[in-house]
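Chemist:
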Amino acid sequence: MNPRLYPLAATIAIFALAWAICVMQFPTMLSTRVVGNLLTDNAYLGIVAVGMTIVILSGGIDLSVGSVIAFSGVFIAVMLRDTNLHPLVVFVLLLAVTTAFGAAMGGLIHALAMPPFIVTLAGMFLMRGLAYMLTIDSVPINHPFYDLLDGAYWLMPGKGRLTLIGAAMLVAVAVGMVVAHRTRFGASVFALGGGEATARLMGVRVGRTTVAIYAFSGLMAGLSGIVFSIYTKSGYPLATVGTELTAIAAVVIGGTLLTGGAGFVFGTLIGVLTMGLIQTYIVFDGTLSSWWTKIIIGLLLLAFILLQKSLLRLSAIGGGRATRSRNEAAA
Amino acid sequence: MLLTIRSLTKTFPGTTALDAVDFDLAAGEIHALLGENGAGKSTLIKCLTGAYSRDGGEISLEGRPISPRSTSKAQELGIGTVYQEVNLLANLTVAQNLTFGREPTRFGMVDARAQKRQAEAMLEGYGLDIDVSRNLAAYSVAVRQIIAIARAVALSGKVLILDEPTASLDAREVETLFDVVRGLRDRGLGIVFVSHFLDQVFALTDRVTVLRNGRRVASERTADLNRVRLIEHMLGHALEDEVIAHGKTHDAAAAQRPELLRFENFGRRGHVEPFDLAVGRGEVLGLAGLLGSGRTESAELLFGVVEAHSGAARDENGTFDLSSPRAAVAAGFGYAPEERKEDGIVADLSVRENIALALQAHRGWLRRLSGAEQARLANNYIARLDIRTFGPEQPVGELSGGNQQKVVLARWLAMNPRFLILDEPTRGIDVGAHAEILRLIQKVTAEGMSILIISSELDELIAVSDRVIVVRDRRHVAELTGREITSDTIVRAIAAPQAGRQNSGEEAA
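Have a look at this one:
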């Protein structure tokens, strides 16, 4: 196997192992119902984590996404309450806003040569504040179209429901995979993560790419906000506090290098599902405190950081060995 | 001629990096570009690749004048460059690196299979048998260098500039690389080869151009050159006759000086081979050698920048510790490094703060130098060294090179060290300041301070040194005193009796 795939393989192995343990204890977890719920419950996280993956691959970080999701929910709820616009129109407006917001952050990061951490931290406060400007209460969404969206599902074999929002996440992951691994833009993202100076020498348009990266993350955060509003049928400015950190955790557990330049969008999906699986296990068990989720995620993160470090070291040694044998062959 | 450069000029504030330089490159030729640090090699290359815009002169490629504005523009014109380190991205696959920016696409998506085929085609003829779908990180520096060359050739295809490509390769890898370069020459490319390894220049190149202080001093066929002449070109005459006239007269009987320090069997594996060195009180020791020969490495060892693996330093009170710069400062040492801008000055701080820096660090933060004391110190040295500044509060970054160097000297003189190491103290400064710094060295040594001076300027070494140590291949190979100190003997010692090279001969390969 190509060594580039090792972190992804490790992610998948851990997920498979975790699921095997779950199934051994609770055989009912081996059902499409559990799978369906896993996808539905983690849909908003999965979508936002796709955007985060692209950002992290480029060597950046986007701390604003949790606030953007909350803002999106509130924006939709208030618009639907106060205007007669169709939800689809509101969605389009919202996505335009969040994409522009992401693009603006990317522009600042590039133009001012500021660390993404600071710029998106400012963005985080800004968006949370804007959400509060719209309302300070939880605003319910009662629109027939929303009932339609919420009720839409495909009955999988085994009576599991693949809901619309679960499917939306899978589509987002597929789109993310194509963008990251199969386009020139994706190659530029990896190049930036490998080193900005070298990337520039190789012809990457750094400014344009940076803007596009954060715009994409903003778009995904907006989409995630829509999905979250369908999931909760409300908008609440205090919602999804800290979701950006959960998304970062999912990306890292998914095998993406936090310093950028290496990783897989598909791994992020597995990372999200692994975290969801732990939660499901705790629900099945019934006696464990749900805080165990956090503890296990913490341990998993630690394990992955150690794994990546050792893989990097191994590949360095392996590279050296390859050179030597090639030399011997030459001699 | 494939590439013609006529009176290329580039100035930076305070210095003229290139002064009406001519350069010709024929198709099917490997042309070495030589010179010590600061001679203008990298400026010339940056003007060629569009990283700098020139102030004057003409560049024409295949008879058409060109003015590349960026690296990618230069590439489109046909000029590709491979640098020593930053070329490619280790986190991408070999195929991605090779095809970056020109990936074959189908329906807007990168066609991975076509990409792989294209990459393999690009590597054909380079004698590499590697899996292009692996990360570049999996391969050695030599392989990466060849991949970088393959990319540069495919992208540009007329002129290939190799900037110190062999610096981190071992002998066998160098030979592999040379085979590749010779193959490209035979395909009709014009190749500019920048290196400071003379053996490689003789082994590989057809023609040599030597730059010195921004001027072209020689351009000859490699076959017509011998080593001694080449070194003379590189280290030749730069000083005003006036300075030489006021320099030391080297009597047969060198003055007997009381010994201040003695280093015994001092060395570090892979850095400098062990050497013995005695330093007299008030003595000026010159360290001569080519770039990369172990000059700076010796200085770093003596100041504890890197710790010695063997040997001991002694003074009249017995051995003392030199394991870190801190220990060296405590032992009364001072060190003004070669890279003044990076390691010497703090450009944003004022002249006063820069001068007070080392003394304050030595006293510790508990015994703060008051502002008044610092100002007195600064004013004293501004007057003594004739530092041209608007006042002690001017940021050092705004001063000219020579005055920056004086600030660095003032900082160490304020410490009143007994042994001061100066690495290229006169590089990149104008002639007047040059002479002043040399006079200053004579003045402080007359007061009893001992100085070790490293320089690429032979005249300068001859003018100030009581004794000259010659380094070659990271060894101290000769020690010249009295009448032996002439540019002729130094050049001969650097050029090396070939017998001494046998054990390290692999580097020549």
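Chains as they are written, first to last, in this note's numbering: chain A, 123 to 453; chain B, 528 to 1036.
Cβ coordinates follow ideal geometry from the N, Cα and C atoms, glycine included.
Keep in mind the model is a prediction, meaning the values are calculated, not measured.
Please state whether the Cβ-Cβ distance between residue 291 of chain A and residue 241 of chain A is less than 9 Å.
Modeler: For the purposes of this step, residue 291 of chain A is taken as residue 169 along the first sequence, with counting starting at 1. For the purposes of this step, residue 241 of chain A is taken as residue 119 along the first sequence, with counting starting at 1. Not in contact: residue 291 of chain A and residue 241 of chain A (Cβ atoms no closer than 9 Å).
Chemist: Applying a beta-carbon distance threshold of less than 7 Å, which residues of chain A neighbour residue 628 of chain B?
Modeler: Your numbering for residue 628 of chain B matches position 101 in the second sequence. Neighbours of residue 628 of chain B on chain A, chain order: 324 and 325.
Chemist: Measuring straight from C-alpha to C-alpha, what distance separates residue 230 of chain A and residue 217 of chain A?
Modeler: Here residue 230 of chain A refers to the residue found at position 108 of the first sequence. Here residue 217 of chain A refers to the residue found at position 95 of the first sequence. For residue 230 of chain A and residue 217 of chain A, the distance between alpha carbons rounds to 20 Å.
Chemist: Could you check whether the Cβ of residue 644 of chain B sits closer than 9 Å to any Cβ belonging to chain A?
Modeler: The residue labelled residue 644 of chain B in the question sits at position 117 within the second sequence. With 9 Å as the cut-off, residue 644 of chain B does not count as an interface residue toward chain A.
Chemist: Counting only C-beta atoms, is residue 306 of chain A closer than 9 Å to chain B at any point?
Modeler: The residue given as residue 306 of chain A occupies position 184 in the first sequence. So yes, residue 306 of chain A belongs to the interface.
Chemist: Along the chain, where does the alpha helix (DSSP H) that runs through residue 824 of chain B open and close?
Modeler: Indexing the second sequence from 1 puts residue 824 of chain B at position 297. Segment 822-829, the alpha helix (DSSP H) holding residue 824 of chain B.
Chemist: Could you tell me which residues DSSP pairs with residue 815 of chain B in its beta bridges?
Modeler: What you label residue 815 of chain B is simply residue 288 of the second sequence in a count that begins at 1. DSSP, once it has assigned bridges, lists B:997 as partnering residue 815 of chain B.
Chemist: Hey, residue 949 of chain B and residue 863 of chain B are a contact pair by Cβ (cut 8 Å); roughly how many whole angstroms apart?
Modeler: Within the second sequence, residue 949 of chain B is the residue found at index 422, counting from 1. Within the second sequence, residue 863 of chain B is the residue found at index 336, counting from 1. With a Cβ gap of about 5 Å, residue 949 of chain B and residue 863 of chain B count as contacting.
Chemist: Would you mind giving the Cβ-Cβ distance between residue 737 of chain B and residue 760 of chain B, rounded to the nearest angstrom? I have them listed as a contact below 8 Å.
Modeler: The residue given as residue 737 of chain B occupies position 210 in the second sequence. The residue given as residue 760 of chain B occupies position 233 in the second sequence. The Cβ separation is near 4 Å, so the contact holds.
Chemist: With a cut-off of 8 Å on the beta carbons, I'd call residue 1037 of chain B and residue 537 of chain B a contact; round off their distance for me.
Modeler: Nothing in the structure corresponds to residue 1037 of chain B, since chain B is present only between 528 and 1036.
Chemist: Can you grab the Cα-Cα spacing for the pair residue 1005 of chain B / residue 601 of chain B, in whole Å?
Modeler: Here residue 1005 of chain B refers to the residue found at position 478 of the second sequence. Here residue 601 of chain B refers to the residue found at position 74 of the second sequence. Whole-angstrom Cα-Cα distance: 45 Å.
Chemist: Which first and last residues belong to the beta strand (DSSP E) in which residue 549 of chain B is found?
Modeler: As a working mapping, residue 549 of chain B is identified with position 22 in the second sequence. Run containing residue 549 of chain B: 542-552, per the beta strand (DSSP E) assignment.
Chemist: Could you tell me the alpha carbon to alpha carbon distance between residue 922 of chain B and residue 826 of chain B, rounded to whole angstroms?
Modeler: In the second sequence, residue 922 of chain B corresponds to position 395, counting from 1. In the second sequence, residue 826 of chain B corresponds to position 299, counting from 1. If you draw a straight line from the Cα of residue 922 of chain B to the Cα of residue 826 of chain B, it is about 28 Å long.
Chemist: If you follow the alpha helix (DSSP H) that residue 169 of chain A is part of, which residue opens it and which one closes it?
Modeler: Locating residue 169 of chain A in the first sequence gives position 47, counting from the first residue. Note, residue 169 of chain A: alpha helix (DSSP H), 165-179.
Chemist: Using 9 Å as the limit for Cβ to Cβ distance, is residue 377 of chain A near chain B?
Modeler: For the purposes of this step, residue 377 of chain A is taken as residue 255 along the first sequence, with counting starting at 1. It does not; no Cβ of chain B falls within 9 Å.
Chemist: Kindly list, in the order they appear in chain A, the residues whose Cβ is closer than 9 Å to that of residue 611 of chain B.
Modeler: Your numbering for residue 611 of chain B matches position 84 in the second sequence. What residue 611 of chain B touches in chain A: nothing, since even the nearest Cβ is about 13 Å away.
Chemist: Got a sec: which bits of the stretch 227-242 of chain A sit with their beta carbon under 9 Å from any beta carbon on chain B, in order along the chain?
Modeler: none
Chemist: Taking the beta carbon of residue 780 of chain B as the centre, do at least 16 other beta carbons fall within 10 Å, making it buried, or is it exposed?
Modeler: On the second sequence, residue 780 of chain B is found 253 positions in, with the first residue counted as 1. For residue 780 of chain B, the predicted model reports a pLDDT of 47, less than 50, meaning its position is unreliable and no value from the coordinates is stated.
Chemist: Classify residue 961 of chain B: buried if its beta carbon has 16 or more other beta carbons within 10 angstroms, exposed otherwise.
Modeler: In the second sequence, counting from the first residue as 1, residue 961 of chain B sits at position 434. Answer is buried; the Cβ neighbour count reaches 16.
Chemist: When DSSP labels each residue in this structure, what does residue 266 of chain A get in the three-state scheme?
Modeler: The residue you call residue 266 of chain A lines up with position 144 of the first sequence. The answer is helix: DSSP assigns residue 266 of chain A an H, G or I state.
Chemist: Report yes or no: is there a C-beta of chain A within less than 9 Å of the C-beta of residue 1034 of chain B?
Modeler: The residue given as residue 1034 of chain B occupies position 507 in the second sequence. Summary for residue 1034 of chain B: the model assigns pLDDT 39, below 50, so the residue's position carries little reliability; its value from the coordinates is reported in the next sentence. For residue 1034 of chain B, the answer is no, since every Cβ of chain A falls outside 9 Å of its Cβ.
Chemist: Closer than 6 Å by C-beta to residue 678 of chain B: which residues in its own chain qualify, once you throw out the five before and the five after it? Chain order, please.
Modeler: Locating residue 678 of chain B in the second sequence gives position 151, where the first residue counts as 1. Same-chain partners within the cutoff: 625.
Chemist: At a Cβ threshold of 9 Å, is residue 875 of chain B touching chain A?
Modeler: As a working note, residue 875 of chain B is residue 348 in the second sequence. No, because no Cβ of chain A sits closer than 9 Å to the Cβ of residue 875 of chain B.
Chemist: Given a limit of 8 Å on CB to CB distance, which residues of the stretch 271-294 of chain A reach chain B?
Modeler: none
Chemist: Drop a sphere of 10 angstroms on the beta-carbon of residue 361 of chain A, count the other beta-carbons inside from all chains shown, and report buried for 16 or more, exposed for fewer.
Modeler: Locating residue 361 of chain A in the first sequence gives position 239, counting from the first residue. Looking at its Cβ environment, which holds 16 or more other Cβ atoms inside 10 Å, residue 361 of chain A is buried.
Chemist: Check the Cβ of residue 300 of chain A against every Cβ in chain B and list those closer than 9 Å, keeping chain order.
Modeler: To locate residue 300 of chain A, count along the first sequence from 1; it is residue 178. Ordered by position in chain B, the residues that pass the 9 Å Cβ test against residue 300 of chain A are 636.
Chemist: Say whether chain B places a C-beta atom closer than 9 Å to the C-beta of residue 369 of chain A.
Modeler: Locating residue 369 of chain A in the first sequence gives position 247, where the first residue counts as 1. Taking 9 Å as the threshold, the shortest C-beta distance from residue 369 of chain A to chain B does not fall below it.
Chemist: Below 8 Å between beta carbons is the criterion; list the residues of the stretch 689-712 of chain B that meet it against any residue of chain A, in chain order.
Modeler: 699, 700 and 703
Chemist: When DSSP builds the beta bridges, which residues end up paired with residue 862 of chain B?
Modeler: Looking up residue 862 of chain B in the second sequence gives position 335. B:948.
Chemist: Between which residues of its own chain and residue 886 of chain B is the CB-CB distance below 6 Å, once the five residues before and five after are set aside?
Modeler: Within the second sequence, the letter at position 359 stands for residue 886 of chain B. Closer than 6 Å at the Cβ level, and outside the excluded window around residue 886 of chain B, lie 941 and 942.
Chemist: Starting from residue 690 of chain B, follow the alpha helix (DSSP H) in both directions and report where the run begins and ends.
Modeler: The count along the second sequence starts at 1 and reaches residue 690 of chain B at position 163. No alpha helix (DSSP H) contains residue 690 of chain B, which is instead part of the beta strand (DSSP E) from 686-690.
Chemist: Straight-line CA distance for residue 213 of chain A to residue 876 of chain B?
Modeler: On the first sequence, residue 213 of chain A is found 91 positions in, with the first residue counted as 1. On the second sequence, residue 876 of chain B is found 349 positions in, with the first residue counted as 1. Here the alpha carbons of residue 876 of chain B and residue 213 of chain A stand approximately 54 Å from one another.
Chemist: Using only the alpha-carbon positions, how far apart do residue 668 of chain B and residue 433 of chain A sit?
Modeler: Start at 1 with the first residue of the second sequence, and residue 668 of chain B comes out as number 141. Start at 1 with the first residue of the first sequence, and residue 433 of chain A comes out as number 311. Each residue's alpha carbon lies about 19 Å from the other.
Chemist: With 16 as the cutoff for other CB atoms within 10 Å, does residue 207 of chain A come out buried or exposed?
Modeler: The count along the first sequence starts at 1 and reaches residue 207 of chain A at position 85. With fewer than 16 Cβ atoms within 10 Å of its Cβ, residue 207 of chain A is classed as exposed.
Chemist: Taking residue 700 of chain B as part of the alpha helix (DSSP H), name the residues at either end of that continuous run.
Modeler: Sequence index remark: in the second sequence, residue 700 of chain B carries index 173 (1-based). Note, residue 700 of chain B: alpha helix (DSSP H), 698-713.
Chemist: Just curious, the beta strand (DSSP E) that residue 792 of chain B is in, first and last residue?
Modeler: The residue labelled residue 792 of chain B in the question sits at position 265 within the second sequence. Note, residue 792 of chain B: beta strand (DSSP E), 786-795.
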